[in-house]
Amino acid sequence: MVTSIASSLGAGSGIDIAKLVSDLSSASREPKVARLGGLITANTARISAVSQARSDLVGFADSLEQMISDGSLRSKPTVSDESVLSATARAGLQADKFAATIVVNSLARAQSSYSGVVADKTAAIGTGTMTLTVNGVAKTITVGATNDSLEGLATAINASGAGVTASIISDQGGSRLILKGATGAANAFTLTADGGADPGLGAFATNGGLSVGQTAANAEFTLDGVAFSRASNTIDDVVPGISLTLKKAAPGQPVDLGASRPLDLIKQTVGDFVDVYNQLKKSLQAASKLSGATTGLRELERELNTLVTKVLTSHGSINQLSDIGVSTTKDGTLTLDKVKLDAVLASDAGAVEGLFNPLRDGTHNPVSDPGIAGALDAIRDKAVATDGAIGRLEKSLADKGTSLSKELEKVETREAAYKARLEKQYSQLDVKLNAFKATQAYLEQQIKLWSNSNND
1023 MVTSIASSLG AGSGIDIAKL VSDLSSASRE PKVARLGGLI TANTARISAV SQARSDLVGF
1083 ADSLEQMISD GSLRSKPTVS DESVLSATAR AGLQADKFAA TIVVNSLARA QSSYSGVVAD
1143 KTAAIGTGTM TLTVNGVAKT ITVGATNDSL EGLATAINAS GAGVTASIIS DQGGSRLILK
1203 GATGAANAFT LTADGGADPG LGAFATNGGL SVGQTAANAE FTLDGVAFSR ASNTIDDVVP
1263 GISLTLKKAA PGQPVDLGAS RPLDLIKQTV GDFVDVYNQL KKSLQAASKL SGATTGLREL
1323 ERELNTLVTK VLTSHGSINQ LSDIGVSTTK DGTLTLDKVK LDAVLASDAG AVEGLFNPLR
1383 DGTHNPVSDP GIAGALDAIR DKAVATDGAI GRLEKSLADK GTSLSKELEK VETREAAYKA
1443 RLEKQYSQLD VKLNAFKATQ AYLEQQIKLW SNSNND
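Under my numbering, the first residue of the sequence shown carries the number 1023, and numbering increases by one thereafter.
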């Protein structure tokens, strides 16, 4: 019996304590870490899928909005003689309202007046007050001891806010005062010396030494035979959505205003819309598959589905994407009937253009007809808002990721403590085993001595 115990102790002393502790701690730690690691990996994949869906939606809306805002999808006005006038399109332009014939009879002019030559622009010219009148509005110009000079008078006029610019130019023998108003007949001006002013100020008055170099006048032109008169050579209120710039008078020389429609780009954009929409659809489906078909994602998909049949413009019978050949397939993606699109472009290109370009008012603010970009912007803004479908899901997944990371940290802390306890316990066991081994050796020696003694 004693030999059996000794043999057992001897076997015990050969245990690899480090390996035993490692195996036991790994058996406890690895299943827990693997489970949490799998959850973190899956959650990261969900975050990535939702992030891709957000990126596709925002990129889709932003790129289309940029094309609308920079006018890429709008018809551009053309003129037959750009030396006479130029034309630029502004947001809200309807392509079928371009055609017109314009005759520029005279340009708008600004009044300019000039004084006689003054030998020294810093010398005194007299003090007192003058009255500068523009379109019935009078401004008082004061020349006192601190600004008694041609330079002082010019500074006072510029500071009056009358809309007349005063400048001093060098001329043979000295300097002249030059006054210039705004274009338009109503902006003609007079400068008079008030009673009590020094006689010297009279040299700069309209009824004194101030001469008129050019009279103020309106631009006079006809559009399709209708006469117009405007104070400026930039005309924004005659042709809807178009800004005209009159460059020179050309009486009797009609200039044709027309349009260049971006038909190829519109066709390409419709095709790109279908392709990018389908990519966005796949991104949303991937996000739903990984994160679960949340109410928000289902709502977002439904809103996107309505784009095909949503009324985007009030332009006649062509007011939906479905009217130009875009339709929904069984799996929710879009397809384009190019033959139908070509036919609609051939019959009513302006209507197709209107689907993309929102209608705007006289100040070019959107008033109706959001267009496809406006409709998509609304969906994007709603979805990515903090309380939107994507916004809520992103926060939920981010919170879950944080929670899983904290849980993993706790597991690692607990398992590290567990391993430390095992190391302590088995270290103590090792000490005891070594003591048992020493006792074993002593007992074996004594037994051998007893056996030899009995044999003698």
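Even glycine gets a Cβ: it sits at the ideal position worked out from N, Cα and C.
| Asked | Found |
| --- | --- |
| Sub-8 Å separation of Thr1228 and Ala1130 beta-carbons | no |
| Own chain partners of Val1055 with C-beta closer than 6 Å, once the 5 adjacent residues on each side are dropped | none |
| Own chain, CB closer than 6 Å to Ile1346, minus 5 neighbours either side, in chain order | Leu1363, Val1366 and Val1374 |
| DSSP beta-bridge partners of Ser1192 | Ser1197 |
| Where Gly1393 falls: helix, strand or coil (DSSP) | helix |
| Alpha-carbon to alpha-carbon, Ser1050 and Lys1432 | 14 Å |
| Secondary structure of Arg1131, DSSP reduced to three states | strand |
| Under the three-state DSSP convention, the category Val1156 falls into | strand |
| Contact under 8 Å by Cβ, Lys1269 with Ser1105 | yes |
| Nearest neighbour of Pro1262, chosen from Ser1097, Ile1069, Leu1430 and Phe1295 [CA to CA] | Ser1097 |
| From Pro1284, Glu1437 and Asp1297, residue whose alpha carbon lies closest to that of Gly1376 | Pro1284 |
| Sufficient close CB pairs (3 or more, under 8 Å) joining the region 1202–1221 to the region 1155–1168 | yes |
| Completely contained beta strand (DSSP E) runs for the region 1213–1237, where each covers 3 or more residues | 1233–1236 |
| For Asn1456 and Leu1471, the rounded distance between their alpha carbons | 23 Å |
| Coil, strand or helix - Thr1063 by DSSP | helix |
| Three-pair Cβ contact test at 8 Å for the region 1185–1204 versus the region 1241–1252 | no |
| Counterpart residues of Tyr1440 in DSSP-defined beta bridges | According to DSSP, Tyr1440 bridges with nothing at all. |
| Residues near Asp1399 by beta carbon distance below 7 Å, same chain, minus five either side | Ala1083 and Glu1087 |
| Whole-angstrom distance between Ala1167 and Gly1218, CA atom to CA atom | 15 Å |
| Contacting residues, own chain, Cβ-Cβ under 8 Å from Asn1300 (five flanking each side not counted) | Thr1355 and Leu1356 |
| Uninterrupted beta strand (DSSP E) stretches inside the region 1298–1367 (no shorter than 3 residues) | 1348–1350 and 1356–1358 |
| Delimiting residues of the beta strand (DSSP E) encompassing Glu1242 | Ala1241 to Leu1245 |
| CA-to-CA distance, Pro1099 to Ser1265, given in whole angstroms | 10 Å |
| Whole-angstrom C-beta distance between Gly1150 and Asp1103, which should lie under 8 Å | The Cβ separation is near 52 Å, so there is no contact. |
| One or two residues paired with Tyr1448 in a DSSP bridge | Per DSSP, none; premise fails for Tyr1448. |
| Helix, strand or coil at Val1261 [DSSP, three-state] | coil |
| DSSP-derived helix/strand/coil call for Gly1138 | coil |
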